[in-house]
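For reference, the structure discussed in these notes is given below.
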Amino acid sequence: DAKTTQPTSMDCAEGRAANLPCNHSTISGNEYVYWYRQIHSQGPQYIIHGLKNNETNEMASLIITEDRKSSTLILPHATLRDTAVYYCIVRTVNTDKLIFGTGTRLQVFP
Amino acid sequence: DAGVIQSPRHEVTEMGQEVTLRCKPISGHNSLFWYRQTMMRGLELLIYFNNNVPIDDSGMPEDRFSAKMPNASFSTLKIQPSEPRDSAVYFCASNPTGGRAEAFFGQGTRLTVV
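So the protein sequences, as listed, match chains A and B. So the first sequence is numbered by this note's numbering: it starts at 202 and just counts up by one. So the second sequence is numbered by this note's numbering: it starts at 132 and just counts up by one.
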């Protein structure tokens, strides 16, 4: 699976959009981009995934660049409860394995 | 469904003792994963099963660790003998199908070996 690179930490004001970047320059054609988050002391929680088109669900939007070498997770109106570690993971459709990196620690402040 | 259920939530044991962690996956899910999380190493995949068969155990740290899945609704992770460096939060996760399906995680078992 391709490696991902994320900033170690980010801050965001409550009510503003949080834009979390992820670099996956070695991604291959059959690899999906997944995002999970882990709120303190809880198990990781699935957010969204995509292949090449932008995706949106009730939690977030995922923007994938045309060359697929990077992506951005967007939380449109961040709340204090969105404070968590966010993991960007690249995964092939042929495997169930999820390999977590170090993620981005997002702190939402009032 | 109640989600992935792990037990116990907390376990404190003495070095050298056997520890057994338990997991009940979501009904109908055919893949099950065991992860370990520490501050130093983050979230590590230890082993995963598909249709009750171990597919990849390359993350199991050493022979003291073993995992079983006797049926589709139950899995165990055993550490014998336990050591202080095994102290961590252990997560179990399951997903319904291969590939693109999302994985659901349990609340974890916090293990402390003294």
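We treat Cβ as the ideally placed atom computed from N, Cα and C, and that holds for glycine. If you're wondering where the values come from, they're calculated on a predicted model, not measured in any experiment.
- Burial check for methionine 191(B): the Cβ neighbour count within 10 Å reaches 16 or more, so the residue is buried.
- In this structure proline 156(B) is buried. Its beta-carbon is surrounded by 16 or more other beta-carbon atoms within 10 angstroms.
- In summary, arginine 172(B) is exposed, with fewer than 16 beta-carbon neighbours lying within 10 Å of its beta-carbon over all protein chains present.
- Here serine 204(B) is not near valine 150(B), since their CB atoms are 8 Å or more apart.
- Neighbours of lysine 204(A) in chain B, taken as residues at a C-beta separation under 7 Å, are lacking, since the least C-beta distance is about 14 Å.
- Asparagine 226(B) is classed as buried because its beta carbon has at least 16 other beta carbons within 10 Å across all chains shown.
- Cβ neighbours of asparagine 255(A) within its own chain (closer than 6 Å, five residues either side excluded): Ile264.
- By the 16-neighbour rule on beta-carbons within 10 angstroms, proline 245(A) is buried.
- Annotation for serine 272(A): Pro222, Cys223, His225, Val234, Gly251, Leu263, Ile264, Ile265, Thr266 and Cys289 place their beta carbon closer than 8 Å to its own, counting only its chain and skipping 5 residues before and after.
- Following the DSSP letters along the chain, one finds histidine 141(B) inside the beta strand (DSSP E) bounded by residues 141-144.
- When the five nearest sequence neighbours on each side are left out, the beta carbons in the same chain lying within less than 6 Å of the beta carbon of valine 220(B) are those of Gln168, Gly239 and Arg241, in order along the chain.
- Ser162: these are the residues of the stretch 152-169 of chain B whose beta carbon lies less than 7 Å from some beta carbon of chain A, given in chain order.
- DSSP places aspartate 187(B) within a strand segment (E or B) once states are collapsed to three.
- Going by DSSP, glutamine 243(A) is part of no beta strand (DSSP E) at all; its letter is neither H nor E.
- Judged by DSSP in its simplified three-state form, arginine 216(B) adopts helix.
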